[in-house]
Amino acid sequence: MAKVKTQFVCQNCAQSYPKWTGQCPNCGAWNTLVEEVKETKSTGLGRVAAPAVGLPFSRVELIKDAKKRFSTGVGELDRVLGGEKEVIGMVQGAVMLIGGEPGIGKSTLLTQVVLEQLRKLQPTNSFSQQEQPKYRPIVYVCGEESPSQITLRINRILELQTQKISDRSVLENLIFLPSTDVDKVVSALRELEPQLVVVDSIQTMTTEDLMGSSGSVGQVRESAERLAQVAKELGFPMFLVGHVTKEGQLAGPKVLEHIVDTVLELTGERTNDLRLVRAIKNRFGATDEVGVLQLGEAGFISVANPSSLFLEHQQKPVAGSATVCVLEGTRPLLLEVQALAVRSQLAMPRRVGRGVELTRIQVISAILQKYCRMPLDSYDLFINLAGGYSTKEPGLDLGMAIAIASSLKNKPIPTGTVFIGEVGLLGEIRQVNLLERRVKESMRLGFKDVISKQTHKSIKDIVHQFGLDS
């Protein structure tokens with residue numbers, strides 16, 4: 005019979021010890037010993053363990069039921085999770101980790117997903133009240149909040165939503181598990197066999213097999229492994245809520261991201277109602293998609309046309325503003341780049357960016373200074389992407405350069421102009437991928453003048469055309 009033992013393993017050299025020490029005696033690293041569970045089986049003195057009998061196996065030709073997808077009920081979340089054609093969303097047996105800043109809306113989003121699944125369970129007219137089929141329950145593991153607190157959030161969302169749940173009896177299919185003991189949770193999941201599980205949060209789960217406190221590296225890793233194992237064994241999708249550090253990284257060991265199938269990141273400004281969902285890792289779809297959500301009193305609303313949301317404050321031509329078209333996955337997005345150039349009072353001018361990399365601002369300012377003769381070495385530059393959006397897409401370069409030149413010369417860009425292109429170190433305009441799709445989206449939103457590699461060869465030519473070199 006298996007005996008559960010623990011050992012402390014150095015994360016630097018993999019040397020194991022029976023007790024914890026501050027410094028690894030083998031490699032000399034500090035605070036690298038993490039408690040792990042070690043299972044050993046006795047095979048008898050001088051005997052070799054017999055091969056396992058009755059282990060489950062499968063072959064490709066014997067698998068009849070492929071992994072099925074079903075919608076979360078939130079269109080933009082389904083888009084990020086991936087799929088083909090109209091079959092997008094969650095995969096049976098998938099473990100999805102969603103992280104974000106405190107108060108960004110992780111619990112609200114998952115509560116809304118739960119309610120959308122319950123809405124699908126409403127009785128239909130094709131069955132009588134006695135003949136209504138019984139459904140597998142939805143389990144919400146309450147590690148941080150009490151069931152009463154979650155119920156308050158559910159009632160608030162239900163009262164404010166336009167699409168009501170006509171029959172409140174379907175709420176009986178939602179089961180709360182107010183426990184932080186992962187072994188008790190796994191045992192309950194095996195008994196209930198749910199259709200969906202939400203664990204809020206993975207940092208609160210613990211097992212008595214380890215001595216560490218909740219949130220420690222060993223506890224988080226072991227809890228995630230046990231939850232992922234039961235999810236794949238019974239074939240139900242599972243959402244894990246994860247905390248983030250002050251640097252914005254997911255808290256816990258890096259192996260946590262390897263255990264799960266999908267890692268989602270929910271970002272946005274606290275002062276703005278806009279939220280972006282990105283997939284950092286996705287075994288069942290692409291990682292270059294982005295979902296745009298708008299947070300309201302009734303929960304999250306999927307934004308079908310995010311370009312209009314990012315450009316809603318652009319009323320008239322203003323110096324320092326330029327419209328760009330970037331690509332997130334397969335979706336073209338039109339954004340407003342705002343630049344402010346003011347004379348610096350410092351020996352070394354400042355370069356500040358929101359939603360834009362600092363190194364990119366430095367490179368663009370150096371290009372403008374060399375090839376367009378702009379005295380940016382004595383000006384502070386502040387760059388902002390309107391709407392709280394952030395991107396590393398190279399198609400942003402051209403619009404950012406024109407916005408800086410426009411602010412420096414205090415000359416606005418004519419309306420109906422969009423900039424698409426990457427600026428090289430030699431001042432040339434470089435081609436970006438899927439240019440035709442970007443141009444088509446710009447034309448659809450009313451932009452008639454598209455500036456790109458096809459219209460101009462260098463940044464100097466564009467600056468001269470708009471009169472920004474005088």
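For any residue, its number in our numbering is found by taking its place in the sequence shown, counting from 1, and adding 4.
For every residue, glycine included, the Cβ atom is placed at its ideal position computed from N, Cα and C.
As the structure is a computational prediction, the values presented were derived from the model and not from experiment.
Of the listed residues L200, V296, K285 and L412, nearest to Y139 (C-alpha basis) = Check the Cα spacing between Y139 and each of L200, V296, K285 and L412: the tightest is with L200.
request  = Report, in whole angstroms, the separation of the C-beta atoms of G272 and R279, which I expect to be a contact under 8 Å.
outcome  = The Cβ separation is near 4 Å, so the contact holds.
message = Distance check for M447 and D453, CA to CA, integer angstroms please.
response = Answer to the nearest angstrom: the Cα atoms are 9 Å apart.
key: Assigned exposure category for S2 - 16 Cβ within 10 Å defines buried   = The chain is shown from 5 up to 474; residue 2 falls before or after that span and cannot be answered.
task = Specify, as a first and last residue, the run of the beta strand (DSSP E) that M404 falls within.
result = Judged by DSSP secondary structure, M404 falls outside any beta strand (DSSP E) and instead within the alpha helix (DSSP H) spanning D401 to K413.
query = Given that a residue counts as buried once 16 or more other Cβ atoms are within 10 Å of its Cβ, and exposed if not, what is L430?
reply = The residue in question, L430, is exposed, as its Cβ has fewer than 16 Cβ neighbours within 10 Å.
query = Out of P22, V41, C14 and M404, which has the shortest C-alpha to C-alpha gap to C31?
reply = With distances taken between Cα atoms, C31 lies closest to C14.
key: Residue from F288, L389 and S411 with nearest C-alpha to P321   = Measuring C-alpha to C-alpha distances from P321 to each of F288, L389 and S411 identifies S411 as the nearest.
ask   = Between I424 and L372, is the Cβ-Cβ spacing less than 9 Å?
value = With contacts defined as CB atoms closer than 9 Å, I424 and L372 fail to qualify as a contacting pair.
inquiry  = Between the alpha carbons of D213 and V186, how many angstroms are there, rounded?
reply    = Computed Cα separation, rounded: 10 Å.
One or two residues paired with L178 in a DSSP bridge = DSSP lists I142 as partners of L178.
message = Among E440, I417, R441 and I463, whose alpha-carbon lies nearest the alpha-carbon of E432?
response = When E440, I417, R441 and I463 are compared, the shortest CA-CA separation from E432 is found for I463.
ask   = L49 by DSSP, collapsed to three states: which one?
value = No answer about L49 holds up, because its pLDDT of 43 lies below 50 and its placement is not dependable.
ask   = Where does E293 fall in DSSP's three states?
value = It is coil, neither helix nor strand.
ask   = Going by Cα to Cα distance, which pick from N437, K444, R434 and P418 is closest to Q469?
value = Closest by alpha carbon: P418.
request  = With DSSP as the reference, please indicate the residues paired to L238 in a beta bridge.
outcome  = Note: L238 sits in no beta bridge, so no partner.
query = Between which two residues does the beta strand (DSSP E) carrying Y375 extend?
reply = Unbroken run through Y375 is the alpha helix (DSSP H), L362 to Y375; no beta strand (DSSP E).
key: R442 and L331 closer than 9 Å at C-beta   = Annotated as proximal: R442 and L331, with beta-carbon spacing under 9 Å.
Sub-9 Å separation of N177 and L260 beta-carbons = Against a cut-off of 9 Å, the Cβ pair of L260 and N177 comes out as no contact.
request  = Output yes or no for whether 9 Å exceeds the beta carbon distance between I169 and P141.
outcome  = No. Outside cutoff.
key: Buried versus exposed, by CB contacts within 10 Å (16 or more), A308   = A308 is exposed by the Cβ-count criterion.
ask   = When you compare only the Cα positions, how much space is there between Q126 and K461?
value = The straight-line gap from Cα to Cα measures roughly 60 Å.
message = What does the alpha-carbon distance come out to for the pair S311 and S456?
response = The straight-line gap from Cα to Cα measures roughly 19 Å.
query = For I305, does the three-state DSSP call read helix, strand or coil?
reply = Strand at I305.
message = Short of 7 Å in beta carbon distance, which residues of its chain neighbour K42, apart from the five on each side in sequence? Order them along the chain.
response = K9, T10 and Q11.
query = Anyone know if the C-beta pair for A98 and R287 falls short of 9 Å?
reply = In contact: A98 and R287 (Cβ atoms closer than 9 Å).
ask   = Quick one: any contact between the region 342–356 and the region 382–395, if contact means 3 or more CB pairs under 8 Å?
value = Short answer: they touch.
R279: first and last residue of the uninterrupted beta strand (DSSP E) it sits in = L278 to N286 is the span of the beta strand (DSSP E), which, as asked, contains R279.
key: 9 Å Cβ cutoff met for I161 and G303   = Yes. Within cutoff.
message = For the pair the region 234–241 and the region 186–197, tell me if three or more CB-CB distances fall below 8 Å.
response = Judged by Cβ distances under 8 Å, the region 234–241 makes contact with the region 186–197, as three or more pairs qualify.
ask   = To the nearest angstrom, how far is it from the Cα of V449 to the Cα of N388?
value = According to the sequence shown, residue 449 is Leu rather than Val. If you draw a straight line from the Cα of L449 to the Cα of N388, it is about 22 Å long.
Rounded separation between L181 and E197 - CA only = Cα to Cα, the separation comes out at about 14 Å.
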